[in-house]
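Going by the working numbering, the sequence shown opens with residue 1, and the numbers climb by one from there. Yeah, the Cβ is synthetic: ideal placement off N, Cα and C, and Gly gets one too. If you're wondering where the values come from, they're calculated on a predicted model, not measured in any experiment.
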Amino acid sequence: MVEKNKDYVVDILSLGYEGEGIAKIEGFPIFVQGALIGEKVKIKVIKVNKNYAFGKLIEIINPSNGRVDPICSIYNRCGGCNLQHMDYECQLDFKTNRVKDCIERIGKIKDTIIHRAIGAASPYRYRNKVQLPVGGVKGDVTIGFYAPRSHNIIDMNKCHIQDESGDKAVEITRQWMNKYNIEPYNEIESKSPNLKGLIRHIMVRRGFKTDEVMVVLVTTKKQLPYKEEFIQLIRDNIKGVKSIIQNINSKVTNVVLGEENIVLWGEDHISDYIGEFKFNISPLSFFQVNPMQTEVLYRKALDYADLKGEEIVFDAYCGTGTISLFLSQKAKKVYGVEIVKEAIENAKENATINGINNVEFIVGQSEKVIPELIEKGIKADVVVVDPPRKGCAKELLEAIAHMSPEKIVYVSCDPSTLARDLAILEELGYKTKEVQPVDMFPETGHVETCVLLSHKTPQTSPPSL
Numbered sequence: 001m002v003e004k005n006k007d008y009v010v011d012i013l014s015l016g017y018e019g020e021g022i023a024k025i026e027g028f029p030i031f032v033q034g035a036l037i038g039e040k041v042k043i044k045v046i047k048v049n050k051n052y053a054f055g056k057l058i059e060i061i062n063p064s065n066g067r068v069d070p071i072c073s074i075y076n077r078c079g080g081c082n083l084q085h086m087d088y089e090c091q092l093d094f095k096t097n098r099v100k101d102c103i104e105r106i107g108k109i110k111d112t113i114i115h116r117a118i119g120a121a122s123p124y125r126y127r128n129k130v131q132l133p134v135g136g137v138k139g140d141v142t143i144g145f146y147a148p149r150s151h152n153i154i155d156m157n158k159c160h161i162q163d164e165s166g167d168k169a170v171e172i173t174r175q176w177m178n179k180y181n182i183e184p185y186n187e188i189e190s191k192s193p194n195l196k197g198l199i200r201h202i203m204v205r206r207g208f209k210t211d212e213v214m215v216v217l218v219t220t221k222k223q224l225p226y227k228e229e230f231i232q233l234i235r236d237n238i239k240g241v242k243s244i245i246q247n248i249n250s251k252v253t254n255v256v257l258g259e260e261n262i263v264l265w266g267e268d269h270i271s272d273y274i275g276e277f278k279f280n281i282s283p284l285s286f287f288q289v290n291p292m293q294t295e296v297l298y299r300k301a302l303d304y305a306d307l308k309g310e311e312i313v314f315d316a317y318c319g320t321g322t323i324s325l326f327l328s329q330k331a332k333k334v335y336g337v338e339i340v341k342e343a344i345e346n347a348k349e350n351a352t353i354n355g356i357n358n359v360e361f362i363v364g365q366s367e368k369v370i371p372e373l374i375e376k377g378i379k380a381d382v383v384v385v386d387p388p389r390k391g392c393a394k395e396l397l398e399a400i401a402h403m404s405p406e407k408i409v410y411v412s413c414d415p416s417t418l419a420r421d422l423a424i425l426e427e428l429g430y431k432t433k434e435v436q437p438v439d440m441f442p443e444t445g446h447v448e449t450c451v452l453l454s455h456k457t458p459q460t461s462p463p464s465l
C-alpha cells in the first residue's frame with residue numbers, strides 16, 4: 001500500500017496528459033511532475049487518492065537522454081509552462097503520443113494515419129500576447145504568472161515564451177508603480193463595489209508581421225495618476241508601440257478585461273497577419289497567440305478540405321472568422337457560425353478589411369443554426385468544426401452527418417474530447433482518415449490537432465438519426 005509522506009525509488013513508465021511522469025508501485029499509479037519516461041527517480045508521496053497518488057520529485061537517479069535544464073529561472077514555481085525540462089524533440093514525441101493514445105483508447109480508432117506533431121521554428125518567444133496579474137503592496141509591486149493551482153503571483157522579469165516587448169512593459173510598469181507609489185489590486189480584500197487597489201493587470205500584444213505593439217493597463221477605476229509619465233516611459237522604451245490603452249474592470253471577478261477602454265495614446269487597435277490575411281486587433285479581440293503555427297494549422301485544414309472552387313462550406317464555432325477566411329480562398333461560399341456576438345462582429349470586420357465577399361457570418365449556436373440552414377436547403381459539401389475545449393455538441397455532429405457532407409475537417413484543442421467526437425462521427429458513417437497534431441504552444445502540455453474525415457462508403461442518402 002502506498003503511504004503518504006513516505007519516500008520511494010521508482011521507474012517512470014509513461015507520461016500523463018500534462019506531461020507528468022507516471023510510476024507504479026504494485027500496480028498503483030503515482031503521478032510525478034517533472035519526471036520523464038525511462039527515468040529512475042526518488043519521490044515523496046504527497047497525496048494518496050483511491051485510485052492514484054501524487055509524488056514530489058526529490059532526486060533524479062538515472063536521467064533521461066531527453067532531459068534538459070530549464071531556461072527559466074522561476075520554472076519550478078511558475079504556472080506558465082510545464083515542459084521546459086524536456087528537450088523539444090521529446091516534447092513533439094510526447095504530444096504526438098498523447099493524441100495517438102486518446103484516439104486509440106478513448107475513440108477506439110485503430111486504423112488511421114497519425115502524423116508526428118509539426119513543431120515550431122523555435123519553442124521560445126512565440127506568444128504575441130501576455131496578460132499578467134499585478135499584486136504586492138505600494139512600493140513593492142509584483143507582476144508575473146500565478147503559481148500552479150493558486151493565485152499567488154510569482155514575480156517575473158523575463159518570460160521566454162512571450163515576446164520581448166512584454167518583458168519591457170512589465171519592468172516599466174513595475175518601476176512606474178513603485179516610483180509613484182501606485183497601489184496594486186488586492187483581490188483578497190476587494191469586495192463589490194469597493195475594490196482595493198488600482199492596477200489589476202498589464203497586457204501586451206504585438207503584431208509579429210507588423211511589429212506593432214499595444215500596451216493595456218487594466219485598472220479598477222477611471223482615474224489614473226501619473227498616466228503621462230507612464231505613456232512617456234512606454235513610448236521611449238518599447239519599439240513599435242502604436243497603442244496605449246486603459247481598460248476599466250471594476251468587478252470582483254477572475255475575468256481579466258472589463259468592457260470599457262480608454263485610449264491613452266495612439267490608436268485603439270494594432271494589426272497583424274495570418275498568411276496573407278490582415279486582422280485588426282483591439283484589447284478585447286480574440287487572436288491566436290502563435291500566428292506562425294496558426295498559419296500551419298489553418299493551411300493543413302485547407303489542405304484537408306481539398307476545395308476546388310465550387311463547394312459550399314460550413315465553419316462551425318468560427319470565432320472571429322480566421323479559418324473562414326482561409327477557406328474562402330478556394331470555396332464558392334463559406335457560412336461561419338459562432339455564438340459570441342462580438343466575435344461575429346469582428347469576423348465581419350475582418351472579411352471587409354480583406355475584401356472577402358463570399359463569406360456569411362451568423363450569430364448563434366452551431367447545433368441550432370446549421371440545422372436551420374439545412375432546412376432552408378443550404379447544404380455543405382465540406383464542414384469544418386473548431387470547437388472549444390469541451391468539444392462539439394452531439395446534436396451538431398448528428399446534424400452534420402445527416403446532411404452527409406463529403407468531408408469533415410475537425411480542428412481541436414483537446415485530444416480527449418476530439419477522440420470522443422471522432423467515435424461519434426464514426427458511428428454516424430464517417431471514417432477518420434488522417435490526423436495531424438500541430439504544436440501551437442511549445443513548452444506546455446497543450447496540442448492542437450487537425451483531422452480529416454470522409455464517408456466510410458459512398459452514400460446516396462443521409463444516415464438515419
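Check your understanding: If you count every other CB in all the chains shown that lies within 10 Å of the CB of Ala169, and 16 or more means buried, which is it?
Key -> Within a 10 Å sphere around the beta-carbon of Ala169 sit 16 or more other beta-carbons, which makes this residue buried.
Review point. What's the gap between the Cα of Ser250 and the Cα of Lys158?
Key: 29 Å
Check your understanding: Using CA coordinates, which residue listed in Ser14, Gln175, Leu132 and Gly136 is at the minimum distance from Lys40?
Key -> Ser14
Practice item. Excluding the 5 residues preceding and the 5 following Gln436 in the sequence, name in chain order all residues of the same chain whose CB lies nearer than 6 Å to its CB. Key: His115, Lys300 and Cys450
Point to revise | Given Ser243 as reference, the closest of Gln223, Met214 and Thr219 once Cα atoms are compared | key: Met214
Exercise for review: Determine the closest residue to Glu104 out of Asn49, Phe441, Thr444 and Leu418, with distance taken between C-alpha atoms.
Suggested key: Checked all of Asn49, Phe441, Thr444 and Leu418; the closest Cα to Glu104 is Leu418.
Point to revise | Pick from Ile234, Thr253 and Gly136 that is closest to Leu264, judged by C-alpha positions | key: When C-alpha distances from Leu264 are compared across Ile234, Thr253 and Gly136, the shortest belongs to Ile234.
Check your understanding: Is the beta carbon of His9 sitting closer than 8 Å to the one on Lys42?
Key -> Reading the sequence as shown, one finds Val at residue 9 and not His. Taking 8 Å as the cut-off, the Cβ atoms of Val9 and Lys42 count as close.
Review point. Between Gly355 and Lys332, which are expected to be in contact by the criterion C-beta below 8 Å, what is the C-beta distance as a whole number of angstroms?
Key: Not a contact, Cβ separation roughly 17 Å.
Practice item. Please specify which runs of the alpha helix (DSSP H), each continuous and at least 4 residues long, are wholly inside the segment 36 to 118, giving them in chain order. Key: Counting whole runs of 4 or more residues, the segment 36 to 118 contains the alpha helix (DSSP H) stretches 88 to 105.
Exercise for review: Would you mind working out which of Val218, Ile182 and Gly240 sits nearest Glu267, comparing C-alpha positions?
Suggested key: Gly240
Practice item. Give every residue of the same chain whose Cβ lies closer than 8 Å to the Cβ of Lys227, excluding the five residues on either side of it in the sequence, and list them in chain order. Key: Gln246 and Leu264
Exercise for review: Just list the beta strand (DSSP E) runs in the segment 341 to 403, keeping only unbroken ones of 3 residues or longer that don't cross its boundaries, in chain order.
Suggested key: 359 to 363 and 382 to 385
Review point. What did DSSP end up calling Glu246 once you bin it into helix, strand or coil?
Key: Note on identity: in this sequence residue 246 is Gln, with Glu being the wrong assignment. Three-state DSSP puts Gln246 in a strand.
Review point. Pick from Val334, Met177, Val68 and Pro415: whose alpha carbon is nearest that of Val137?
Key: Taking the Cα of Val137 as reference, the smallest distance to any Cα among Val334, Met177, Val68 and Pro415 is reached at Met177.
Check your understanding: Which two residues bound the contiguous alpha helix (DSSP H) that contains Gly166?
Key -> Glu164 to Lys179
Point to revise | C-alpha gap between Asp7 and Pro29, whole angstroms | key: 15 Å
Practice item. On a CA-only basis, which of Thr253, Thr112 and Asp236 is nearest Lys218? Give me that one, please. Key: Here the sequence assigns Val to residue 218, which means Lys is not the residue at that position. For Val218, the closest of Thr253, Thr112 and Asp236 by C-alpha to C-alpha distance is Thr253.
**Study point:** First and last residue of the uninterrupted beta strand (DSSP E) at Glu260
**Key:** Glu260 to Gly266
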